[in-house]
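Each step along the sequence shown adds one to the number in full-length UniProt numbering, with nothing skipped, and position 95 is 95.
We put the beta carbon where it would ideally sit given N, CA and C, even for glycine.
Note that the structure is a prediction, hence the values are computed from the model and not measured.
As C-alpha coordinates, the structure follows; a few thoughts come after it.
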Amino acid sequence: MLCAGWRYGVSVTLSGRTITGEVKVALFGDKGNTRQYDVFRGIIMPGSTHSKEFDAELDVGTTEKVKFLWNNHVVNPTFPRVGAAKITVQKGEEKTVYNFCSKETVKEDVLLTLTPCETPDTL
(Lines of atoms letter the chains of each structure in order from A and count residues from 1; the text may use other names and numbers.)
(Lines give C-alpha, C1' and ligand atoms only; values in the text may rest on other atoms or scores of the structure.)
Protein backbone atom coordinates (compact mmCIF):
# COMPACT_ATOMS: atom_id res chain seq x y z
CA MET A 1 0.00 0.00 0.00
CA LEU A 2 1.40 3.37 -1.00
CA CYS A 3 1.49 6.29 1.41
CA ALA A 4 -0.44 9.22 -0.05
CA GLY A 5 1.29 11.68 2.24
CA TRP A 6 2.25 12.48 5.79
CA ARG A 7 -0.61 13.39 8.09
CA TYR A 8 -0.19 16.45 10.29
CA GLY A 9 -2.63 18.07 12.66
CA VAL A 10 -2.23 21.73 13.57
CA SER A 11 -3.99 23.90 16.14
CA VAL A 12 -3.54 27.66 15.86
CA THR A 13 -4.35 30.02 18.76
CA LEU A 14 -4.78 33.50 17.31
CA SER A 15 -3.73 36.90 18.65
CA GLY A 16 -4.02 40.51 17.51
CA ARG A 17 -7.07 42.14 15.92
CA THR A 18 -10.54 40.76 15.23
CA ILE A 19 -10.99 40.73 11.46
CA THR A 20 -12.39 38.52 8.71
CA GLY A 21 -9.70 36.60 6.87
CA GLU A 22 -7.93 33.33 6.31
CA VAL A 23 -5.05 31.67 8.14
CA LYS A 24 -2.35 29.44 6.61
CA VAL A 25 0.65 27.58 8.03
CA ALA A 26 3.75 25.90 6.61
CA LEU A 27 5.89 23.42 8.53
CA PHE A 28 9.70 23.46 8.52
CA GLY A 29 11.80 20.53 9.72
CA ASP A 30 15.21 18.94 9.49
CA LYS A 31 14.17 17.02 6.33
CA GLY A 32 12.42 19.83 4.44
CA ASN A 33 9.33 22.01 4.50
CA THR A 34 5.71 21.92 3.35
CA ARG A 35 3.79 24.38 1.26
CA GLN A 36 1.27 26.65 3.01
CA TYR A 37 -1.89 24.87 4.12
CA ASP A 38 -5.23 26.54 4.83
CA VAL A 39 -6.18 26.19 8.49
CA PHE A 40 -9.13 28.54 8.87
CA ARG A 41 -11.30 31.01 6.95
CA GLY A 42 -13.78 33.30 8.72
CA ILE A 43 -13.68 35.73 11.62
CA ILE A 44 -10.19 35.84 13.12
CA MET A 45 -10.59 36.51 16.84
CA PRO A 46 -7.77 36.81 19.39
CA GLY A 47 -7.76 33.88 21.81
CA SER A 48 -9.70 31.58 19.49
CA THR A 49 -8.14 28.25 18.45
CA HIS A 50 -8.67 26.56 15.10
CA SER A 51 -7.54 23.04 14.19
CA LYS A 52 -7.01 21.30 10.87
CA GLU A 53 -5.50 18.06 9.62
CA PHE A 54 -3.76 17.80 6.27
CA ASP A 55 -1.66 15.34 4.30
CA ALA A 56 1.69 16.92 3.44
CA GLU A 57 3.65 16.08 0.33
CA LEU A 58 6.69 15.08 2.41
CA ASP A 59 7.88 14.13 5.86
CA VAL A 60 9.53 17.26 7.31
CA GLY A 61 11.25 15.13 9.97
CA THR A 62 11.58 16.85 13.33
CA THR A 63 9.47 20.02 13.10
CA GLU A 64 11.76 22.94 13.97
CA LYS A 65 9.60 25.99 13.20
CA VAL A 66 6.25 26.98 11.74
CA LYS A 67 5.42 29.91 9.47
CA PHE A 68 2.05 31.63 9.88
CA LEU A 69 0.38 33.82 7.25
CA TRP A 70 -2.98 35.58 7.18
CA ASN A 71 -4.82 37.63 4.58
CA ASN A 72 -8.28 38.86 3.74
CA HIS A 73 -7.79 40.26 0.22
CA VAL A 74 -9.26 43.62 1.30
CA VAL A 75 -7.47 46.95 1.23
CA ASN A 76 -7.56 48.14 4.84
CA PRO A 77 -6.05 51.57 5.62
CA THR A 78 -5.68 50.69 9.32
CA PHE A 79 -3.22 47.87 8.49
CA PRO A 80 -4.58 45.42 11.08
CA ARG A 81 -2.09 43.04 12.67
CA VAL A 82 -2.81 39.40 13.47
CA GLY A 83 -0.60 36.72 14.94
CA ALA A 84 -0.46 33.21 16.27
CA ALA A 85 0.25 33.07 20.00
CA LYS A 86 0.70 29.29 19.79
CA ILE A 87 0.69 26.62 17.11
CA THR A 88 0.65 22.95 18.11
CA VAL A 89 1.73 20.43 15.48
CA GLN A 90 0.87 16.74 15.83
CA LYS A 91 2.69 14.40 13.51
CA GLY A 92 1.06 11.32 12.04
CA GLU A 93 0.34 8.03 13.70
CA GLU A 94 3.25 8.42 16.10
CA LYS A 95 1.34 11.38 17.61
CA THR A 96 4.53 13.36 18.28
CA VAL A 97 3.53 16.84 19.46
CA TYR A 98 5.51 20.04 18.89
CA ASN A 99 4.55 23.43 20.40
CA PHE A 100 5.55 26.75 18.84
CA CYS A 101 4.95 30.22 20.29
CA SER A 102 5.17 33.89 19.32
CA LYS A 103 4.29 37.21 20.94
CA GLU A 104 4.39 39.01 17.57
CA THR A 105 1.63 40.11 15.22
CA VAL A 106 2.04 40.85 11.51
CA LYS A 107 0.30 42.78 8.76
CA GLU A 108 -1.55 40.96 6.00
CA ASP A 109 0.62 38.74 3.77
CA VAL A 110 3.67 38.99 6.06
CA LEU A 111 5.15 35.69 7.25
CA LEU A 112 5.42 35.19 11.00
CA THR A 113 7.94 32.56 12.15
CA LEU A 114 7.10 30.67 15.34
CA THR A 115 9.88 28.89 17.21
CA PRO A 116 9.60 26.21 19.91
CA CYS A 117 7.89 27.49 23.06
CA GLU A 118 10.14 28.11 26.02
CA THR A 119 9.44 25.47 28.62
CA PRO A 120 9.41 26.43 32.29
CA ASP A 121 12.20 25.03 34.47
CA THR A 122 9.67 23.46 36.82
CA LEU A 123 6.34 21.88 36.05
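Who does Cys101 pair with in a DSSP beta bridge?
Counted from its first residue, the sequence shown places residue 101 at position 101. For Cys101, which the question treats as bridged, DSSP gives the partners Lys86 and Thr115.
Examine the Cβ distances between the segment 32 to 40 and the segment 93 to 110 and report whether three or more of them are shorter than 8 Å.
no
Using DSSP with H/G/I as helix, E/B as strand and the rest coil, what is Asn72?
Residue 72 sits at position 72 when you count from the first residue of the sequence shown. Coil.
Buried or exposed: which applies to Leu123, given that a residue is buried once 16 or more other Cβ atoms fall within 10 Å of its Cβ?
Translated into the one-based positions of the sequence shown, residue 123 becomes position 123. Bear in mind that the predicted position of Leu123 carries a pLDDT of just 45, short of 50, making it unreliable; the figure below should be weighed with that in mind. By the 10 Å Cβ count, Leu123 comes out exposed.
Give me, in chain order, the residues of the same chain whose beta-carbon lies closer than 7 Å to that of Glu64; leave out the 5 immediate sequence neighbours on both sides.
Walking along the sequence shown from the start, residue 64 turns up at place 64. The answer, listed in chain order, is Phe28, Gly29 and Asp30.
Counting C-beta neighbours from all protein chains within 10 Å, is the total for Gly16 16 or more, i.e. buried, or is it exposed?
Here residue 16 is taken as the residue at index 16 of the sequence shown, counted from 1. Per the 10 Å Cβ criterion, buried.
Should Ala26 and Lys67 be called a contact, given that it needs their Cβ atoms to be closer than 9 Å?
In the sequence shown, the residue the question calls residue 26 occupies position 26. In the sequence shown, the residue the question calls residue 67 occupies position 67. Result yes, Cβ atoms of Ala26 and Lys67 sit closer than 9 Å.
Ranges of the beta strand (DSSP E) found wholly within the segment 38 to 66, counting only runs of at least 3
49 to 56
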